[in-house]
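For reference, the structure discussed in these notes is given below.
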Amino acid sequence: MFTKEDLKARILSNVEVAPSHFLMELAVSRVFRNARPGQFVMLRPAGRGVPFLGRPLGIYSLADHGDGARIEVLYRAAGRGTQVISTLCEGERMEILGPLGNSFEFPPAMDTAVLVAGGIGIAPLVFLARQLSCRSDGVRVVVYIGARDAGTLLGVDRVKVCSAEVRLCTDDGSTGYRGPVTDLFREDLGSFEAAKTAVFVCGPGPMLRRVSEIVADHPVFCQVLMEERMACGMGACLGCTIEVKSRQGVQYRQVCTDGPVFDIREIVWR
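FYI, the numbering for the sequence shown is 0 to 269, going by numbering that gives the first Met the number 0.
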């Protein structure tokens, strides 16, 4: 159960790090100390009518601080709500609900973690890379990051700090591999030992669908973080419903409560 204090956050910084992409740091309650990679928050400005509903944003980083914690969220100012959030300044208050949702799972035999990010999908994977770097078993971390161009490549320095092997892709070839990040991932997939490799993916829908096609005939563990529009974050509004495969046929799942992390082979792609 959340207390009133758990629902409050204070902005420490809110900086544009790439065109229309912002990094916000927040002072939050101690309940966030238990947040796990893959989980998200619902955020809205306190005392404002716009946006009326919170916006779901993945957790980019987490650190204990004093009696509470500090988190970062990386987001793109794409619609009216996130555009308003992008104008907020240090010291302003936010209403926050979280941490919400499930998190990534690690197979017992995993010795290599492959993270595949497209665009703003890097946000939750930076948090994941950080957690993996803290493991005592020395798991190898390989991170593929794709973007339109060099100016929109995000999170590169953060994952390098995690001792990860970083492979960059840009659509225009301005940095790294020229072409979609899924193309380079497909070329490299055979070099990883399937039984000991886990793949974690986040990005735009077409990219996720392409990864599902790539791993369809490859026996590698693969989880995807789904990003859908939602109004409540708690399963009440049914706005983030997706279709998944089951023994009974196609069933419906809520991204906010059943996810946002799913087995990529369960998703029905439309």
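Note that CB positions come from ideal geometry on N, CA and C, so glycine has one too.
Start and end of the alpha helix (DSSP H) containing Thr81? Here residue 81 is taken as the residue at index 82 of the sequence shown, counted from 1. Residues Arg79 to Ser85.
Measuring straight from C-alpha to C-alpha, what distance separates Pro218 and Asp63? Stepping through the sequence shown from its first residue, residue 218 is reached at position 219. Stepping through the sequence shown from its first residue, residue 63 is reached at position 64. Answer to the nearest angstrom: the Cα atoms are 38 Å apart.
Ends of the beta strand (DSSP E) at Asp63? Your numbering for residue 63 matches position 64 in the sequence shown. Arg54 to His64 is the span of the beta strand (DSSP E), which, as asked, contains Asp63.
From Val72, Ser85 and Lys244, residue whose alpha carbon lies closest to that of Gly37: Position 38 of the sequence shown holds residue 37. Among Val72, Ser85 and Lys244, the Cα nearest to that of Gly37 belongs to Val72.
Please report the straight-line C-alpha distance between Ile213 and Phe105, rounded to a whole angstrom. Within the sequence shown, numbered from 1, the residue matching residue 213 stands at position 214. Within the sequence shown, numbered from 1, the residue matching residue 105 stands at position 106. Computed Cα separation, rounded: 20 Å.
Among Ala34, Glu226, Leu124 and Phe220, nearest to Ala163 - alpha-carbon criterion: As a first step, residue 163 is located in the sequence shown; it is residue number 164 there, counting from the start. The shortest C-alpha separation from Ala163 is found at Leu124.
The beta strand (DSSP E) spanning Phe21 covers which residue range? Position 22 of the sequence shown, counted from the start, is the residue given in the question as residue 21. Residue range His20 to Val27 is occupied by the beta strand (DSSP E) that includes Phe21.
Can you give me the start and stop residues for the beta strand (DSSP E) that Leu127 sits inside? Sequence index remark: in the sequence shown, residue 127 carries index 128 (1-based). Premise fails: Leu127 lies in the alpha helix (DSSP H), Ile121 to Ser132, not in any beta strand (DSSP E).
Using only the alpha-carbon positions, how far apart do Glu192 and Ala108 sit? Taking the sequence shown and counting its residues from 1, the one referred to as residue 192 is at position 193. Taking the sequence shown and counting its residues from 1, the one referred to as residue 108 is at position 109. About 11 Å.
Using a Cβ-Cβ cut-off of 8 Å (strictly less than) and excluding sequence neighbours within five positions of Val83, which residues of its own chain qualify? The residue you call residue 83 lines up with position 84 of the sequence shown. Only Pro44, Arg47, Val49 and Pro50 meet the Cβ criterion.
What do you reckon, are the CB atoms on Phe103 and Pro259 nearer than 8 Å? Counting from 1 along the sequence shown, the entry for residue 103 is found at position 104. Counting from 1 along the sequence shown, the entry for residue 259 is found at position 260. Their beta carbons are not under 8 Å apart, which means Phe103 does not touch Pro259 by this criterion.
Tell me whether Ala34 is buried or exposed, calling it buried when 16 or more other Cβ atoms sit within 10 Å of its Cβ. Taking the first residue of the sequence shown as 1, we reach residue 34 at position 35. The residue in question, Ala34, is buried, as its Cβ has 16 or more Cβ neighbours within 10 Å.
What residues in its chain sit with their C-beta under 7 Å from that of Cys239, if we drop five residues either side in the sequence? Numbered from its first residue, the sequence shown carries residue 239 at position 240. Excluding positions up to five away in sequence, the list reads Glu227, Arg228, Met229, Gln253, Val254 and Cys255.
Spatial neighbours of Ala17 within its chain, please: C-beta separation below 7 Å, excluding the five flanking residues on both sides. Mapped onto the sequence shown, residue 17 falls at position 18. For Ala17, where only same-chain residues beyond five positions count, the Cβ hits under 7 Å are Gly150, Thr151 and Leu153.
If you count every other CB in all the chains shown that lies within 10 Å of the CB of Gln222, and 16 or more means buried, which is it? Translated into the one-based positions of the sequence shown, residue 222 becomes position 223. Buried, because 16 or more other Cβ atoms sit within 10 Å of the Cβ of Gln222.
Taking only the alpha-carbon atoms, compute the straight-line gap between Gly78 and Leu131 and give it to the nearest angstrom. The sequence position of residue 78 within the sequence shown is 79, counting from 1. The sequence position of residue 131 within the sequence shown is 132, counting from 1. The straight-line gap from Cα to Cα measures roughly 33 Å.
Below 8 Å on the Cβ atoms is my contact criterion, and I expect Gly273 with Cys201 to pass it. Report the Cβ-Cβ distance as a whole number of Å. Lying before the first or after the last residue shown, residue 273 is absent from the chain, which here runs from 0 to 269.
Could you tell me the alpha carbon to alpha carbon distance between Ser245 and Trp268, rounded to whole angstroms? Stepping through the sequence shown from its first residue, residue 245 is reached at position 246. Stepping through the sequence shown from its first residue, residue 268 is reached at position 269. Distance between the alpha carbons of Ser245 and Trp268: 14 Å.
Limits of the unbroken alpha helix (DSSP H) element including Ile263: Looking up residue 263 in the sequence shown gives position 264. Unbroken run through Ile263: none, as it is neither H nor E.
Between Val14, Gly172 and Ile95, which has its C-alpha nearest Leu52's C-alpha? Taking the sequence shown and counting its residues from 1, the one referred to as residue 52 is at position 53. Closest option to Leu52, Cα to Cα, is Ile95.
Environment of Arg134 [buried if 16+ CB atoms lie within 10 Å]: Taking the sequence shown and counting its residues from 1, one reaches residue 134 at position 135. With fewer than 16 Cβ atoms within 10 Å of its Cβ, Arg134 is classed as exposed.
Might you give, ordered along the chain, the residues of its own chain that have their beta carbon closer than 7 Å to the beta carbon of Leu6, omitting 5 neighbours on each side? Mapped onto the sequence shown, residue 6 falls at position 7. Answer for Leu6: Glu94, Ile95 and Leu96, listed in chain order.
Indicate whether Tyr143 and Phe199 have their beta-carbon atoms separated by less than 8 Å. Indexing the sequence shown from 1 puts residue 143 at position 144. Indexing the sequence shown from 1 puts residue 199 at position 200. No; because the gap between Cβ atoms is not below 8 Å, this pair is not in contact.
Cα-Cα separation, Ser19 to Ser85: What you label residue 19 is simply residue 20 of the sequence shown in a count that begins at 1. What you label residue 85 is simply residue 86 of the sequence shown in a count that begins at 1. Rounded to whole angstroms, Ser19 to Ser85 spans 9 Å at the Cα level.
Whole-angstrom distance between Ile263 and Phe220, CA atom to CA atom: The residue labelled residue 220 in the question sits at position 221 within the sequence shown. The residue labelled residue 263 in the question sits at position 264 within the sequence shown. If I take the Cα positions, the gap works out to 9 Å.
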